[in-house]
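Input: a single structure, listed below in structure tokens.
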Amino acid sequence: MTDLKGKAALVTGASRGMGRAIAQRLAADGALVAVHYSRDADAARQTVATIEQAGGEAFQVQAEFGTDGDVRTLLTGLSAGLGGRPLDILVNNAACGNQDTVRAGSIDRLTPGQFDEVFAINVKAPLFLIQATLPLMPDGGRIVNISSLATRIALPSQIAYAMTKGAVEVMSRTLANALGARGITVNTVSPGSTDTEVTDTLHNPQVRTILADLTALGRIGRPADIADAVAFLASDDARWITGNVLDATGGAYLGPMWAR
Ligand SMILES: NC(=O)c1ccc[n+]([C@@H]2O[C@H](COP(=O)([O-])OP(=O)(O)OC[C@H]3O[C@@H](n4cnc5c(N)ncnc54)[C@H](OP(=O)(O)O)[C@@H]3O)[C@@H](O)[C@H]2O)c1
1 MTDLKGKAAL VTGASRGMGR AIAQRLAADG ALVAVHYSRD ADAARQTVAT IEQAGGEAFQ
61 VQAEFGTDGD VRTLLTGLSA GLGGRPLDIL VNNAACGNQD TVRAGSIDRL TPGQFDEVFA
121 INVKAPLFLI QATLPLMPDG GRIVNISSLA TRIALPSQIA YAMTKGAVEV MSRTLANALG
181 ARGITVNTVS PGSTDTEVTD TLHNPQVRTI LADLTALGRI GRPADIADAV AFLASDDARW
241 ITGNVLDATG GAYLGPMWAR
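Numbering (full-length UniProt numbering), first residue to last: 1 to 260.
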């Protein structure tokens, strides 16, 4: 556990999956957490309830990225929930498209509209959310963006999704340089295959075995694996780390298996 008492954090896409685990972990470390969601208010309420049952503090905020006024809507809910407190930690986790071949699709099927949509949700919204929340963030704040293993290996069925995550990594490095003067760190956590609702292919035992075999640590990731990495980067222990991509894949696709 790290000490985030007295801090406030916003986790986007915290109604389920990794975002929920990140919100729960930051709250367990003592932060007041804004639990962002898009459509599933019940799931967001459940994230807030589990945090409160564990003795933490949280509130929910809604905004559907990729729609007009998305960031403005989020900021209104966030400011109301914070009640004048600063925002110390921003985790850009919400995204679409990693298993959705319609929106993330292959070169022969991808349409300009689908490309625009996945970039609006995965890149434009996080960038302008950072811009909008910077005035609320004190010097020494923390920004953590979630990328993907898809930037390190070539996945032909996920071209637009992978490109958005490449953009997120460039955004993080660039903003780390821009915001260093204020002591704000900007880092990226890059998960591999992780057990969340979105990863329906992971319900197939054969796929699970193949992916686990391609991973040095020999299993599929769990949301808590990613949440712990984010909590480290959000903590004071990571004060000297900025502009990094932290690979949190358990060593996926590190090299040939026969050499083990
Ligand atoms: N799972 C994996 O194997 C994997 C691997 C590598 C990287 N990642 C990355 O890790 C992050 C979390 O993934 P996950 O698997 O936990 O995702 P998930 O279970 O699909 O959850 C996605 C979250 O993002 C929100 N969201 C979806 N579309 C949105 C939109 N248009 N506007 C605002 N919020 C939206 C959802 O809100 P609602 O519930 O309200 O819809 C939900 O809270 C993502 O950045 C993903 O790209 C995942």
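For glycine and all other residues, C-beta sits at the position ideal for the given N, C-alpha and C.
Notebook entry, point to check: Going along the chain, which residues of its own chain have a beta-carbon closer than 8 Å to the beta-carbon of Gly221, five neighbours each way excluded?
Noted result: Pro191, Gly192, Ser193, Thr194, Asp195, Ala248, Thr249 and Gly250
Item checked: Nearest neighbour of Arg142, chosen from Ala104, Leu110, Thr151 and Val189 [CA to CA] -> Of Ala104, Leu110, Thr151 and Val189, the residue nearest in Cα terms is Val189.
Item checked: Delimiting residues of the beta strand (DSSP E) encompassing Pro191 -> Thr185 to Pro191
Notebook entry, point to check: Over what stretch of residues does the alpha helix (DSSP H) that includes Gln60 continue unbroken?
Noted result: Here Gln60 belongs to no alpha helix (DSSP H); instead the beta strand (DSSP E) covers Glu57 to Gln62.
Next item on the list: Could you please give the first and the last residue of the uninterrupted beta strand (DSSP E) stretch that includes Ile220?
Entry: Segment: none, Ile220 is in no beta strand (DSSP E) and carries neither H nor E.
Margin query: Assuming contact is defined by CB atoms lying nearer than 8 Å, are Val11 and Gly17 in contact in what I supplied?
Written below: no
Next item on the list: List the endpoints of the continuous beta strand (DSSP E) containing Asn145.
Entry: Going by DSSP, Asn145 is part of the beta strand (DSSP E) stretching over Arg142 to Ile146.
Note to self: So within the region 30-115, which uninterrupted beta strand (DSSP E) runs reach at least 3 residues, ignoring any that extend past its ends?
What the structure shows: Counting only unbroken stretches of 3 or more residues, the beta strand (DSSP E) elements lying wholly within the region 30-115 are 32-37, 57-62 and 89-92, in sequence order.
Next item on the list: Compute the minimum distance between the beta carbon of Tyr253 and the heavy atoms of ligand 1, and state whether it is under 7 Å.
Entry: no
Next item on the list: Have a look at Asp237 and Thr185 and give me their C-alpha separation to the nearest angstrom.
Entry: 12 Å
Note to self: Taking the straight line between their C-alpha atoms, what separation do you get for Gly81 and Glu64?
What the structure shows: Their backbone Cα atoms lie some 18 Å apart in a straight line.
Check: How long is the line joining the alpha carbons of Ala54 and Gly113, rounded to whole angstroms?
Finding: Cα atoms of Ala54 and Gly113: separation of roughly 43 Å, rounded to the nearest angstrom.
Next item on the list: Report yes if the C-beta of Asn244 is less than 7 Å from at least one heavy atom of ligand 1; otherwise report no.
Entry: no
Margin query: Given a cut-off of 8 Å on the beta-carbon distance, is the pair Ala227 and Ile22 in contact?
Written below: yes
Check: Could you give the distance in angstroms between the alpha-carbon of Asp29 and the alpha-carbon of Met1?
Finding: 6 Å
Margin query: So, does the region 153-168 touch the region 206-215, judging by three or more C-beta pairs under 8 Å?
Written below: no
Margin query: Closer than 7 Å to a non-hydrogen atom of ligand 1 - does that hold for the CB of Glu169?
Written below: no
Next item on the list: With hydrogens ignored, establish whether the beta-carbon of Val198 is closer than 7 Å to any heavy atom of ligand 1.
Entry: Yes.
Next item on the list: Confirm the yes/no value for this check: CB of Ala106, any heavy atom of ligand 1, distance under 7 Å.
Entry: According to the sequence shown, residue 106 is Ser rather than Ala. Ser106: no, Cβ never under 7 Å from ligand 1.
Note to self: Nearest by alpha-carbon distance to Ala49: which of Ala14, Ile89, Phe119 and Leu75 is it?
What the structure shows: With distances taken between Cα atoms, Ala49 lies closest to Ala14.
Next item on the list: Have a look at Ala231 and Ala8 and give me their C-alpha separation to the nearest angstrom.
Entry: 13 Å
Note to self: If I measure Cβ to Cβ from Ala31 and keep anything under 7 Å in the same chain, skipping five residues before and after, which residues do I get?
What the structure shows: A distance below 7 Å between beta-carbons, with the five flanking residues on each side excluded, links Ala31 to the following residues of its chain, in chain order: Leu4, Lys7, Ala8, Ala9 and Ile89.
Check: In whole angstroms, what separates the C-alpha of Val118 from that of Ala104?
Finding: 7 Å
Notebook entry, point to check: So does the region 68-78 actually touch the region 126-141, counting three or more Cβ pairs closer than 8 Å?
Noted result: yes
Next item on the list: Compute the minimum distance between the beta carbon of Gly77 and the heavy atoms of ligand 1, and state whether it is under 7 Å.
Entry: no
Checklist line | DSSP three-state assignment for residue 301, whether helix, strand or coil | finding: An answer regarding residue 301 cannot be provided, because it is not within the stretch 1 to 260 covered by the chain.
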